[in-house]
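To start, the structure under review is shown below, and the notes come after it.
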Amino acid sequence: MALKASELEVGGTHTAVLVKDLKRTQLVQYAGASGDYNPLHTDDFYTREVAGYPSVFAHGMLTMGMTGAMLTDYVGDGRLLKFGVRFTAQVWPGDDLEATATVEALREEGGEKLVDLKVSTRNQNGDEVLSGYAVARVDP
Amino acid sequence: MAVDRFPIEASHIMMFARSVNDGNPIYYDAEYAAKTEPGAIIAPPTFMQSSAQFDPEYSLRPKIGQPWFGSGKEATGVKPGSSDGGRGGGGNKGTLHAEQHFEYHRHPRVGDVLTATVKPGKTWEKEGRRAGKLIFTETITEYRDQNGDLVVTARGVGVRTERPATSG
């Protein structure tokens, strides 16, 4: 179901829980699907002893991928035109993540209605781990 | 990552969607997908990242017969003092992902065969609070379909840190 411009207002939000108690196994699952086998995300021994981190941590792209699911559930299939993020803090096993899209503007371009969204994903402490934007095509 | 042939395949999309907690049936049920607006199984928004699977040189994948920097008997499979300074057997171990941007000209669908070409972007430096000097490097990847049409433009920014960055 696509969004309708007539039913949106600037400042309106959509929030979704992305994950509760993120498991190390999910990092392995993402490594396998994406092809990014960096041991920083899958190999605790290496990550502690050689890289100097307290434990493995999530691929930034896993957080972006889960945040993308929140966006496409909200704006509809095939409606995204742009999606960009900065990774602002690391995501660790055990984290809970929640993502919010906020309507920043409704506009028209080339005869199409578009929505500009601010995107933010936070952990259980309220710390922002991902900050970004999206643009989607909406129905009138 | 430059890739000569990135076939958009249904099982790969199904596995990728599962791995990012995306239960939308458009990513695994062709009959359902046929009734949606896109009309087919399409790639989830961040799926282009998985073109790494089709990059023969991708440094963050163990390769048959080559050293790998992850742990085995020891914490790393690469000896200190080796040509790469003992930091690893691949490419960008000290590099973290700082930013990622996608522009969708259309959403790739099952059956598309894409190519990816890489253009270097800007490089800049910043002094970090915890991790010392930060060196940012931008990469622009253009994904084109079997007709040569641009389907997705991706812009990634990597950051190399002097010390581990434990900002979380």
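Quick note, the sequences are listed as chains B and A, same order.
Going left to right, the first sequence walks through residues 323 to 462 as the numbering used here numbers them.
Going left to right, the second sequence walks through residues 508 to 675 as the numbering used here numbers them.
Idealized CB from N, CA, C, for every residue including glycine.
Check                                                                                                                                      : Outcome
Distance, F367 of chain B Cα to E581 of chain A Cα                                                                                         : 9 Å
Rounded C-alpha distance that separates T553 of chain A from R459 of chain B                                                               : 18 Å
Of the listed residues B:K440, B:D358 and B:D418, nearest to G448 of chain B (C-alpha basis)                                               : B:D418
Cα-Cα separation, E669 of chain A to G374 of chain B                                                                                       : 12 Å
Supposed contact pair A559 of chain A and S356 of chain B - C-beta distance, whole angstroms, cut 8 Å                                      : 6 Å
Chain A within 8 Å of D395 of chain B, Cβ atoms only                                                                                       : yes
Pairwise C-alpha distance: G546 of chain A and Q607 of chain A                                                                             : 27 Å
Enclosing beta strand (DSSP E) for L402 of chain B [first to last residue]                                                                 : L402 to F409
Contact set for V510 of chain A: own chain, Cβ-Cβ below 6 Å, skip 5 residues either direction                                              : S558, F561, D562 and A623
Within-8 Å CB hit, S356 of chain B to chain A                                                                                              : yes
DSSP-derived helix/strand/coil call for P415 of chain B                                                                                    : coil
Any beta strand (DSSP E) of 3 or more consecutive residues that is wholly inside the stretch 615 to 644 of chain A                         : 620 to 634
Outcome for A537 of chain A when other beta-carbon atoms lying within 10 angstroms are tallied against a minimum of 16                     : exposed
Check whether L362 of chain B and V425 of chain B have beta carbons under 8 Å apart                                                        : no
Coil, strand or helix - Y368 of chain B by DSSP                                                                                            : helix
Helix, strand or coil at A509 of chain A according to DSSP, with G and I counted as helix                                                  : coil
Residue-chain proximity (Q446 of chain B, chain A), Cβ-Cβ < 8 Å                                                                            : no
Cβ neighbour criterion (16 or more within 10 Å) applied to A524 of chain A                                                                 : buried
Under 7 Å from the C-beta of R651 of chain A: neighbouring residues of chain B                                                             : Chain B residues near R651 of chain A: none, gap ~18 Å exceeds 7 Å.
Cβ pair F464 of chain B, G390 of chain B closer than 8 Å                                                                                   : Past the boundaries of the shown model lies residue 464 of chain B; chain B is included only from 323 to 462, so the question cannot be answered.
Rounded C-alpha distance that separates A638 of chain A from P671 of chain A                                                               : 6 Å
Rounded separation between G406 of chain B and A605 of chain A - CA only                                                                   : 11 Å
Test: V341 of chain B CB closer than 8 Å to a CB of chain A                                                                                : yes
Bridge-paired residues (DSSP) for E434 of chain B                                                                                          : B:E431
Contacts around G592 of chain A, its chain only, beta-carbon distance under 6 Å, and the 5 residues preceding and following it disregarded : Per-residue confidence for G592 of chain A stands at a pLDDT of 40, beneath the threshold of 50, marking its modelled position as unreliable; the derived number appears in the next sentence. Closer than 6 Å at the Cβ level, and outside the excluded window around G592 of chain A, lies no residue.
Where Q653 of chain A sits in the DSSP three-state scheme                                                                                  : coil
Those runs of the alpha helix (DSSP H) which lie wholly inside the stretch 531 to 585 of chain A and span at least 4 residues              : 537 to 541
Within chain B, the residues that T553 of chain A reaches when beta carbons sit closer than 7 Å                                            : M383, M386, G387 and G390
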